[in-house]
Amino acid sequence: MKDKKSSKTYTVIVLRVLIGWHFLYEGIVKLYNPEWTAYGYLASAQGPFKPVFNLMLADSVVSMVDAMNMAALIFVGVTLLLGVFERAGALVGIGLLALYYLAHPPFPGLAQINVEGNYWFVNKNLIEMVACMVLLQFPTGHVFGIQALTKYPQIKKKLS
Amino acid sequence: MNWTRRDLLKGLGGLPILGAVWWAGAAKTVGQRKERSEILETLDIQPSLPNTFQGIGGTPIRVGIIGFGIRGEQLCRALGFATKDWIKSMELEVQENPSNKVLEDFYNQERLNVHMAGVCDIFDFRANKALESFASVDNTIRRYADYSEMIQSGEIDAVVIATPDHWHAPMAIEALNHGVHVYVEKPMTHNVQETYDLRDAALNSDAVFAVGHQHRQTLSFKTAEDIIKKGTLGHISLIQTSTNRNDDNGAWNYEILNHANENNINWEQFLGNAPKVPFNANHFFRWRKWWAYGSGLSGDLLTHDYDRLNCVLNMGIPASVMASGGVYTHNDGRNVPDVLQVNMEFPDFYLGSSQRDKKERGMTFCYSATLGNSFNRPTLLMGHDASMELGNRLTIWPDQASSKYKTLLDTGKMNPRIPIYQYDPAINHPDAVSSATSQYFADKGLMWTYVNGKRVDSTFLHMREWLDTIKNGGKVSCGIKEGFEEAISAHMAGISYKLGKKIEWDANKQALEPIEGVDFDEVLLSNEPPRNAFIEVA
């Protein structure tokens with residue numbers, strides 16, 4: 284428990300808050316804009332998994348994908364920011380980022396659509412995904428987050 | 024255990040961040056939506072809904088196709104008749120590219136109550152192709168030796184004319200004189216005199232006459248009409264239209280079939296009123312490249328752009344036209360220009376002004392074309408208050424110096440760089456377009472439109488409207504008035520190019536201002552190079 288308050292822990296906490304912030308904002312913007320849809324993003328998917336993403340384009344499927352994507356983004360954002368169920372949040376985050384990465388993979392030979400930088404196999408989605416893996420392995424909710432309150436039996440009971 | 028303040032801070036420190044991010048995201052999105060709806064309320068644009076049709080019941084209309092070339096086949100498909108070859112080639116394309124929906128769209132197309140009863144083509148190969156593909160138990164079809172025989176047979180109610188331009192008017196006039204309904208491709212006529220003759224024939228006939236400007240069915244154009252009527256753009260002083268093509272097909276160098284010869288093509292009949300020349304397969308397959316049979320950029324492609332705007336603005340025939348250009352990209356023996364600029368003047372054009380002193384009046388319609396570059400220059404309507412890009416999609420940008428939107432611009436609710444309105448009926452339907460020329464037409468809204476989000480061939484809608492008018496009465500959207508305006512405007516451009524002179528229209532006399540010593544039709548149809556032969560230099 285000694286390293287609990289070391290600067291490493293605080294760095295991971297900062298990382299967790301920033302990633303949570305990022306996810307939550309993306310989710311909220313979609314939540315308040317009922318016209319938002321992932322249709323264009325899925326329709327323009329590229330690379331080896333293009334057919335899989337194109338399967339999601341059917342009217343009934345795409346509205347479900349939209350809702351699930353929004354809910355997942357908010358879930359990741361809330362868990363990481365509040366430091367509760369953060370491992371579940373990190374896991375969902377890894378899943379989402381893996382999908383984003385595979386839908387528009389920065390592979391040589393594929394056109395990069397709506398991309399602001401230059402990437403070769405590695406892009407920001409991949410890096411953020413690995414950052415979520417770090418969060419998965421170094422939970423910090425017990426230092427900064429609702430998890431820290433579990434030393435109070437009444438909270439522990441509620442969370443378990 | 025009792026709570027300590029420190030523990031609470033550590034435990035719930037994330038909560039204010041969560042609240043802040045949530046608030047920021049919600050405020051931004053809701054704010055943007057509010058601004059947007061405020062702009063939309065100001066604009067009050069009503070996206071157009073498709074026309075309703077009564078349905079074409081009763082005995083099927085007996086249609087004859089005259090000219091079964093590239094366009095003739097397309098028009099037959101719009102009527103529900105595709106050749107076996109086309110279906111086969113489309114099946115192959117779908118195998119290669121499953122997102123190609125052309126064949127699927129064809130099969131899903133509403134069935135029109137049409138009996139494809141006759142074909143007339145001077146090339147045996149093409150006539151036989153129609154017979155082989157369209158003859159069935161439900162559809163008997165006959166080949167006629169020439170159009171007169173077809174029109175006078177009493178077996179045909181309506182003809183579709185998709186021949187070279189120099190045959191449009193003679194055939195249409197004969198059909199109208201015999202009470203046979205006519206759908207003729209653009210340009211409606213090949214010279215000025217024919218334009219008057221055809222108008223007389225149409226006005227004196229009970230038959231329904233329609234010109235093949237199918238984009239009049241495009242919903243975005245109908246919406247554009249609403250936009251302009253409401254003064255969204257302010258006074259329009261300039262319209263910019265263009266043709267940008269850079270491939271063989273786009274330059275009218277169509278495939279020449281090796282087996283075509285004098286034995287299977289009736290060459291005399293092809294020539295008609297054109298100068299007598301020996302059989303020439305190049306002329307036959309690529310007739311659009313010579314004034315004797317075609318009308319070049321001014322009749323072939325300018326007419327699309329002119330009519331697209333005439334359908335939105337109803338601006339009529341220009342007071343004057345100046346054109347210039349040359350054969351610069353395809354020096355292959357053609358005599359129609361492949362680079363052409365046309366300026367049409369409408370000095371009395373006025374749809375209202377948003378400025379206090381109402382000082383605006385008049386507009387120039389500018390058409391700029393090259394067959395040597397395919398960079399997409401959009402059709403732009405440039406008004407004092409906003410600019411509109413017109414195609415299958417509509418986009419409107421406010422002008423930074425607009426009077427109408429001054430308050431919205433000053434308060435930052437509008438930004439000249441951000442469109443205030445976009446109409447895209449295809450937003451959820453990415454299309455597969457096979458060739459560069461198809462893409463050129465698709466971008467202009469000439470190929471298809473969207474009805475309830477479903478892609479529909481606009482030629483189909485245009486022909487359905489014609490058939491519906493035949494059966495149920497009413498008015499076609501591109502009839503003789505619109506066709507007359509289109510043809511005269513195009514011929515003015517052609518004559519101006521040839522003479523290197525301004526050509527003027529006298530609206531009261533309904534005639535071109537004469538130029539001494541010049542026979543306009545002789546000039547227009549001549550195969551001589553422009554300028555040299557026509558006017559004696561004083």
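If you read the protein sequences in the order shown, they are chains A and B.
Heads up, the first sequence is in the numbering used here, so the first residue is 284 and it goes up one at a time.
Heads up, the second sequence is in the numbering used here, so the first residue is 24 and it goes up one at a time.
No residue lacks a Cβ here, since even glycine has one placed at the ideal position from N, Cα and C.
Here the alpha carbons of residue 84 of chain B and residue 214 of chain B stand approximately 31 Å from one another. A straight-line Cα-Cα distance of about 28 Å links residue 104 of chain B and residue 270 of chain B.
The beta carbon of residue 150 of chain B sits closer than 7 Å to the beta carbons of 91, 142, 144 and 166 from its chain, once the five residues preceding and following it are set aside; these are given in chain order. Secondary structure at residue 501 of chain B: coil, using DSSP grouped into helix, strand and coil. Taking residue 317 of chain B as the centre and dropping the five residues before and after it, the same chain places the C-beta of 187, 188, 310, 311, 323 and 359 closer than 7 Å to its C-beta, in chain order. Under DSSP, residue 529 of chain B takes part in a beta bridge, and its partners are B:534. For residue 182 of chain B, the secondary structure class from DSSP, reduced to helix, strand or coil, is strand. Secondary structure remark: continuous beta strand (DSSP E) runs of at least 3 residues inside the segment 348-380 of chain B, in chain order: 362-369. Interface annotation, residue 52 of chain B: in contact with chain A, CB-CB separation under 8 Å.
Residue 504 of chain B and residue 395 of chain A have their C-alpha atoms spaced approximately 50 Å apart.
Taking 8 Å as the cut-off, the Cβ atoms of residue 95 of chain B and residue 185 of chain B count as close. Around the Cβ of residue 303 of chain A, a 10 Å sphere holds 16 or more other Cβ atoms; the residue is buried. Taking C-beta atoms as the reference points, residue 332 of chain B and residue 388 of chain B count as a pair closer than 8 Å. Take residue 510 of chain B, set aside five residues on each side of it, and the residues of its chain with a beta-carbon closer than 6 Å to its own are 210, 211, 212 and 218, in chain order. Residue state for residue 365 of chain A is assigned as helix, using DSSP reduced to three classes. Residue 223 of chain B sits in a helix when the DSSP states are folded into three classes. Residue 256 of chain B and residue 404 of chain B do touch by the CB rule: their CB atoms are close to 6 Å apart, below 8 Å. In the DSSP assignment, residue 85 of chain B falls within the beta strand (DSSP E) that extends over 84-89. Judged by DSSP in its simplified three-state form, residue 260 of chain B adopts strand. Within chain B, no residue has its beta carbon less than 9 Å from that of residue 410 of chain A; the closest one is some 21 Å off. Proximity to residue 340 of chain B across B:77, B:87, B:307 and B:531 peaks at B:531, based on C-alpha coordinates. In this structure, the beta-carbon distance from residue 360 of chain A to residue 427 of chain A does not fall below 8 Å. The beta carbon of residue 69 of chain B lies closer than 8 Å to those of 246 and 249 in the same chain, with the five residues before and after it left out. Following the DSSP letters along the chain, one finds residue 417 of chain B inside the beta strand (DSSP E) bounded by residues 417-421.
Boundaries cannot be given for residue 189 of chain B, as no alpha helix (DSSP H) includes it and DSSP labels it neither H nor E. Within the segment 406-418 of chain B, no residue has a Cβ lying closer than 9 Å to any Cβ of chain A. Classified as exposed, residue 300 of chain B has fewer than 16 neighbouring CB atoms from the shown chains inside 10 Å of its CB. Residue 146 of chain B is a Cβ neighbour of residue 287 of chain B, given a cutoff of 8 Å.
The Cβ atoms of residue 517 of chain B and residue 321 of chain B sit closer than 8 Å to each other. For residue 304 of chain A, at least one C-beta of chain B is nearer than 8 Å to its own C-beta. Cα atoms of residue 32 of chain B and residue 404 of chain A: separation of roughly 41 Å, rounded to the nearest angstrom. Restricting attention to B:242, B:383 and B:554, the CA atom closest to the CA of residue 417 of chain B is found in B:242.
Secondary structure of residue 118 of chain B (DSSP, three-state): helix. Under the Cβ distance rule, residue 117 of chain B does not count among the residues neighbouring chain A, no pair being separated by less than 8 Å. Contacts with chain A at 8 Å (Cβ-Cβ) include residue 38 of chain B. At a cut-off of 8 Å, the C-beta of residue 30 of chain B has a neighbouring C-beta in chain A.
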